[in-house]
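J.: From first to last, the protein sequence lines are chains G and E.
So the first sequence is numbered by the numbering used here: it starts at 10 and just counts up by one.
So the second sequence is numbered by the numbering used here: it starts at 204 and just counts up by one.
Glycine included, C-beta positions come from ideal geometry on N, C-alpha and C.
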Amino acid sequence: MLKPVKKRFDIQVTAAKESITKSFELDKTIKTVRGVLVMSDKDDLLYYRGTQKIEINKEEYFPENYESKLLMSGINVPPKQRYYDLGNVNPGNGIVKLIFTDNEDTRTPFETYRVSLYIDCEMEDGL
Amino acid sequence: MMREQVISTSLSIQKAGQAKHFQIKLPKNTKHIIGIELGGRWLAPTKNTSVIPPKEIIKVRFAESGLKFKRDLLIGELKLQSCEEANIFYSGHLQIDNNAAYCDFSGNTYWTATAFTHQSSSFEERVVVDGRSTILHGIYKDRYGENNPAVNYLLNVYVWIEIIEPNTNKR
């Protein structure tokens, strides 16, 4: 039986116009990836300045320069609809690669901020 | 096997009222174009310009403003055409929402609803266009510059496509 589970992976952006590449590994028990969401401790910085590329199992789902605001959900969105629906993706080797880039935007001066990548998965229930 | 993919194209707009023609190359295995999304970033002034970024946050109390609806700020217009089809298939505006806080009574002097707190889920604008053409023609016209002589921003166009992928045992 499959049960829904959410995973969170964080990166810290410490310099303006910085590009950070990080790979995260999903548990072996995870059978499908259903959706993704990006959030931050400083929403405005992520909204205006962030872009990212996301790969799952070496397959690109969002290209470089894809704006973070297109993967964010405000508090107006019902909690069950906040994730970007990917369908049912086979995680393969379970490696999720995030290439996050901070870009210049004059509406929000740079400060250090955290970017959280949330992944909506289904895992095998051992029971 | 069919799979969705997105192609991102960035255009730099640096002149008031600038009209820009551009092309977007599609992969050969494109079956359909299924959606378009727009985005942008406000850049720092170049040497000769002093860009004033548009104000998006309306920090006016309800008592002062009543429930006035603010006009959204039009930044520019985009049109796209496929080389294999007559006429344009997409016409859209890049604009800034000035009414995120409209009728939101949770707002006060210290906190106002903004685009990044209250935006709804983003969805691409659905289009159904055959993917036989390998090139899309686009034209973007800056409208923000009509009232502001100095502009410097980046427009991002995202084209969602459906591609045919050979069956592999990879997934």
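What would DSSP say about S77 of chain G, mapped onto helix, strand or coil?
T.: The answer is helix: DSSP assigns S77 of chain G an H, G or I state.
J.: Consider the Cβ of A266 of chain E: report whether some Cβ of chain G lies at a distance smaller than 9 Å.
T.: At A266 of chain E the pLDDT is 49, less than 50, meaning the model places this residue with poor confidence and gives no usable figure here.
J.: Need the endpoints of the alpha helix (DSSP H) that Y56 of chain G sits in, please.
T.: Taken as a continuous stretch (DSSP letters only), the alpha helix (DSSP H) holding Y56 of chain G covers 52 to 58.
J.: State the Cα-Cα distance for the pair K16 of chain G and F33 of chain G, rounded to the nearest angstrom.
T.: Roughly 10 Å between the two C-alpha positions.
J.: Under the assumption that A222 of chain E contacts A353 of chain E (Cβ atoms under 8 Å), give the Cβ distance between them as a whole number of angstroms.
T.: Their Cβ separation, rounded to whole angstroms, is 17 Å, which puts A222 of chain E and A353 of chain E out of contact at 8 Å.
J.: Report the start-end ranges of each alpha helix (DSSP H) in the stretch 319 to 369 of chain E that is 4 residues or longer and not cut off at the edges.
T.: List check, alpha helix (DSSP H) in window: nothing returned.
J.: Distance cutoff 9 Å, beta carbons only. Does N232 of chain E sit that close to anything in chain G?
T.: Chain G, which has no Cβ nearer than 9 Å to the Cβ of N232 of chain E, makes this no.
J.: To the nearest whole angstrom, what separates the beta carbons of I20 of chain G and L107 of chain G, a pair I think is in contact under 8 Å?
T.: Yes, they are in contact, since the Cβ atoms of I20 of chain G and L107 of chain G sit about 7 Å apart, within 8 Å.
J.: Please report whether the beta-carbon of Y313 of chain E lies at a distance below 9 Å from any beta-carbon of chain G.
T.: False, the Cβ-Cβ gap to chain G never drops below 9 Å.
J.: What are the residues in the stretch 95 to 120 of chain G lying within 7 Å of chain E by C-beta distance?
T.: Answer in chain order: N99, G101, N112, E113, D114, T115, R116.
J.: Among residues of its own chain, excluding the 5 on either side of E368 of chain E, which ones have a beta-carbon nearer than 8 Å to its beta-carbon?
T.: Once the five neighbours on either side are set aside, the close Cβ partners of E368 of chain E are M204, M205, R206, N232.
J.: CA-CA distance, R58 of chain G and L80 of chain G?
T.: Cα-Cα distance, rounded: 13 Å.
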